[in-house]
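Trainee:
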Amino acid sequence: MGNWRRRIGLGLVAAAILAALAWGFMPQPATVDTAQVTRGPLAVTVDEEGRTRVIDRFVISAPVAGFARRVELDVGDAVGGGGVLARLEPSPSEVLDPRTRAE
7 MGNWRRRIGL
17 GLVAAAILAA
27 LAWGFMPQPA
37 TVDTAQVTRG
47 PLAVTVDEEG
57 RTRVIDRFVI
67 SAPVAGFARR
77 VELDVGDAVG
87 GGGVLARLEP
97 SPSEVLDPRT
107 RAE
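When you read off a place in the sequence shown, starting at 1, and then add 6, the result is the number in the numbering used here.
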């Protein structure tokens with residue numbers, strides 16, 4: 007009968023060790039802050055430096071010779087299809103150019 011009590015005692019000690027290990031390795035709950043919910047404007051800013059990577063390059067050309075006199079856009083403006091990018095002033099006519107007549 008002493009052997010039987012010894013087995014039960016060792017079993018209880020092993021169960022206690024396993025229970026202590028399980029309790030020790032249980033994840034701790036995360037500490038959170040709570041606040042009252044209110045309605046208002048969302049004000050979130052991100053102040054970080056960034057670097058742009060140009061993937062596609064585009065060449066903008068016109069079928070006529072001239073000078074770009076007015077650019078309608080500012081740096082960073084979005085460009086859509088069919089929009090005016092710049093105003094061109096045609097170059098002086100070769101027929102009226104005195105240098106052409108001298109040749």
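Glycine included, every Cβ here is placed at the ideal spot set by N, Cα and C. Only a predicted model underlies this, so the values are computations on that prediction, with no experimental measurement involved.
Just list the residues that DSSP pairs VAL77 with in beta bridges.
Mentor: Answer is ALA92, bridged to VAL77.
Trainee: Using DSSP bridges, identify the partner residues of GLY72.
Mentor: Looking at the DSSP assignment, GLY72 forms a beta bridge with PRO96.
Trainee: When DSSP labels each residue in this structure, what does VAL1 get in the three-state scheme?
Mentor: Limits of the chain in this structure are 7 at one end and 109 at the other, which puts residue 1 out of reach.
Trainee: Rounded C-beta distance between LEU94 and PHE73? I'm assuming under 8 angstroms.
Mentor: Confirmed, Cβ separation roughly 7 angstroms.
Trainee: Do you know whose CA, among GLY86, VAL85, ARG76, lies nearest ALA92's CA?
Mentor: If we check each option's Cα against that of ALA92, ARG76 comes out closest.
Trainee: Where does LEU27 fall in DSSP's three states?
Mentor: Helix, per DSSP.
Trainee: Please determine, among ALA71, ALA25, ASN9, the residue with the shortest C-alpha to C-alpha distance to SER97.
Mentor: It is ALA71.
Trainee: Taking only the alpha-carbon atoms, compute the straight-line gap between TRP29 and ARG11 and give it to the nearest angstrom.
Mentor: Taking the straight line joining both Cα atoms gives about 27 angstroms.
Trainee: Between ASP83 and GLY89, what straight-line distance do the alpha-carbon atoms span, to the nearest angstrom?
Mentor: Near 12 angstroms, if we compare the C-alpha coordinates of GLY89 and ASP83.
Trainee: In chain order, what residues of the same chain lie with their CB nearer than 8 angstroms to the CB of ASP53, ignoring the 5 residues before and after it?
Mentor: The answer is none, since no qualifying residue turns up.
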